[in-house]
DNA sequence: GGGTACATTGGGAGCGCTCCCATCACCATG
DNA sequence: CATGGTGATGGGAGCGCTCCCAATGTACCC
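Protein chains in written order, with the UniProt record's numbering: chain A, 1 to 360; chain B, 1 to 360.
Here it is in structure tokens:
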């Protein structure tokens, strides 16, 4: 009897089991399970006895067994398409992680980090998800064409996106107000009297880039000016891209006196092109970036930039997913019965903020 | 019979099981298990039949069940003490992750990312680990006093550190050659004719900071000079710390004409102090940092810095852990029978490299 | 031809837990 | 005092897999 058990496992001390706790406390397995899981249907006396036994034995429930029996895994995956290095740029990654960590700290959910760098790995993850090896998925930094969200939806895997793929994204998401942020940036430029405001866009297959461009145009129109196509150059969210785009801009419209870049990294590239062309910042050309990353603070002059609430985004995403999974009771005191409609609770857009530094 | 089963799980489609595959292929469970796990003790005919059934049914083994039965989890944790924001600084985090991802891609291990920001969370993780909820642990960015490694060792949880806590670290680790990198940096300064070379150290409770300081001293001694205490100022790996330290240095030794900073971020702080003091870089004062981070590239002038092989470190760490877990067969063709001793295989120090830019 | 050795295979037992149902004790009624 | 309810409790069944042993089949030897 015992022999069969001892033959296994190669020496791992297996820690006390539910059964042992039950025996110790002189109750049944079911009762211990109830106590451990906080069910109300246990008498105080019994609960105390069980809790004592748990403490004495140092019992920690075996997640794996729990997952198997309950059919849930108590884990969510954060999926990062890694070719998309944008994600790793400060402060995006750490911010998201920080927020997700915050939200998860309350629960005993685990975070699985999944890097998806190529087709094969995507395939593997899809399979993994469809086999329900996690309870839910957080997806960030998606391209418009990414099929993963739909794929997940298809197999009934709850997912929350960081950012959207398009204006009418159906999958739950948390996004920043990219349009508003860009508009604010360009309005700021205009308000400071800049006459010819150009923009360097991000990869246009990403909705986020489209939004920032839209914000740029919207600000212009709001000021009664017609956006000019020659003042729009396309980057790809890389420094090199920003550099190249700035050169194009300078050639097309030498009279430029302000540039809104859809990311700080591209602004850094643009800065270099500007320096090469002998333009001073901000005297000759004012510069604004997006992301409020470390790069922005360290540029010379420090870069005015649009800050997104990234930590908040991560927190929000995880919170939303938890809600979707029914793993979270509505925060106490909230969930007002009155009609304070918070908009669509599964499609949130968080406000951005302009951080002014020396580049304007 | 079926009723009991249907009553569960709230609608998740549970995917085919081993049992179903077995039935489909007309074999027993054991045989399917063998095929799936690549055991050699299966006839070719049977294997083919099983593989066909697997393909037809789209069978994916249930990891959770497997973990429970086999007593292993097929997951490792990457533990990040988050107050230590150094870890999140570019490019450290993404590099480690990249490397770890590389190593893990070969296997079907999963990566659990665990943020440990406070005592409570540390406690939780310790418990978690001691309950063997992961097979192994990767630890980065440790302070000298961190008890986690010993704790893990105590409960038999394999662990690999990124960096060491002290010179005689016993737990397996992968570290960069901090001493050598710092020495190379300072030698470079000396070779360029700098006379008074100061240093800004990192938090001295971290071994990495001690090493870089040691490298600084070693280079000085190697050039026949005695290190002076007044030329050593302590930072804490933050920009503010670097700023403050540089001011101290300037006050103590106005004649300084070169500074080696134990991190790029601190160098950025030092740069600001230098600018405030009206010193030009590199004309008046040459500056070298450590980490080769994004900050270095974007400083003005771009910062000469010591690059660590971070991706390699991550890859190495994960590889070592996998080895420790016996999850990896020795790379084909390697593991030569001849005595090419690679040193201690569990204590690796990777070489660093000086990246020259405009700050010297 | 009988026996031994070996390769292959099927399936029982069990991993630690949750779910659920039968049971039990106890109380308030009729 | 019997009856029906109620909350608390014990424990069987089962989650999908691995491990292992016994059973079967096959080849080879004396």
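Using N, Cα and C, we set each Cβ at its ideal position, and we do this for glycine too.
Three or more beta-carbon pairs drawn from the segment 348-359 of chain A and the segment 312-329 of chain A are found closer than 8 Å, and the two stretches are therefore classed as touching.
Contact fails between the segment 246-255 of chain A and the segment 213-227 of chain A, because fewer than three Cβ pairs, one in each stretch, are under 8 Å apart. Between residue 354 (chain A) and residue 144 (chain A), the C-beta spacing is not below 7 Å. At a cut-off of 7 Å between beta carbons, residue 30 (chain A) makes no contact with chain B. The DSSP assignment places 178-191, 207-222 and 239-252 as complete runs of the alpha helix (DSSP H) inside the segment 178-262 of chain B, in order along the chain (cut-off: 4 residues). The closest CA to that of residue 106 (chain A), considering only A:327, A:267 and A:344, is found on A:327. Considering only beta carbons, the part of the segment 286-310 of chain A lying closer than 9 Å to chain B consists of 293, 294, 295, 297, 298, 299 and 300, in chain order. Rounded to the nearest whole angstrom, the C-alpha separation of residue 227 (chain A) and residue 255 (chain A) is 15 Å. Within the same chain, Cβ atoms closer than 8 Å to the Cβ of residue 302 (chain B) are found at 296, 357, 358 and 359, the five residues on either side in sequence being excluded. Taken in chain order, the members of the segment 107-132 of chain A whose beta-carbon sits within less than 7 Å of a beta-carbon on chain B are 110, 111, 112, 113, 115, 121, 127, 131 and 132.
Under DSSP, residue 347 (chain B) forms a beta bridge with B:173. Rounded to the nearest angstrom, the gap between the Cα atoms of residue 18 (chain A) and residue 24 (chain B) is 36 Å. Per the C-alpha coordinates, the member of A:237, A:51, A:146 and A:281 positioned closest to residue 22 (chain A) is A:51.
Interface flag for residue 324 (chain A) against chain B is unset, since no Cβ pair is found closer than 7 Å. Scanning A:197, A:233 and A:289 for the CA closest to the CA of residue 203 (chain A) turns up A:233. In the structure shown, residue 117 (chain B) adopts coil according to DSSP, grouped into three states.
The Cβ atoms of residue 177 (chain A) and residue 352 (chain A) lie closer than 7 Å to each other. One Cα belongs to residue 37 (chain B), the other to residue 72 (chain A), and the distance between them is close to 24 Å. Using a 10 angstroms sphere on the CB of residue 136 (chain A), the tally of other CB atoms reaches 16 or more, which defines it as buried. If you draw a straight line from the Cα of residue 97 (chain A) to the Cα of residue 94 (chain B), it comes to about 12 Å. With a cut-off of 8 Å on Cβ pairs, the segment 250-267 of chain B is in contact with the segment 278-293 of chain B, counting three or more such pairs.
Counting along the chain, the unbroken beta strand (DSSP E) around residue 138 (chain A) starts and ends at 136-140.
By the neighbour-count criterion, in which 16 or more other beta carbons inside 10 Å mark a residue as buried, residue 91 (chain B) falls on the buried side.
Nearest neighbour of residue 138 (chain A) by Cα position, chosen from A:171, A:305 and A:131, turns out to be A:171. Classified as buried, residue 133 (chain B) has 16 or more neighbouring CB atoms from the shown chains inside 10 Å of its CB. Residue range 353-355 is occupied by the beta strand (DSSP E) that includes residue 355 (chain B). Looking at A:166, A:241 and A:179, the one whose alpha-carbon comes closest to that of residue 205 (chain A) is A:166. Assignment of residue 91 (chain B) by DSSP, reduced to helix, strand and coil, places it in the coil class. Residue 304 (chain B) has B:288 as its beta-bridge partners, per DSSP. Closest by C-alpha distance to residue 305 (chain B), out of B:151, B:168, B:164 and B:182, is B:182. For residue 79 (chain B), the nearest beta carbon of chain A is not closer than 7 Å to its own beta carbon. Taking a contact as a CB-CB distance under 8 Å, the pair residue 260 (chain A) and residue 199 (chain A) counts as one, their CB atoms being some 5 Å apart. Each residue's CA atom was taken as its position, placing residue 43 (chain B) and residue 29 (chain B) some 15 Å apart. At a Cβ-Cβ threshold of 7 Å, residue 81 (chain B) and residue 130 (chain B) do not count as neighbours. Residue burial is scored here from C-beta neighbours: residue 210 (chain A) has at least 16 other C-beta atoms within 10 angstroms and is therefore classed as buried. Taking 7 Å as the CB threshold, residue 223 (chain A) stays off the interface with chain B.
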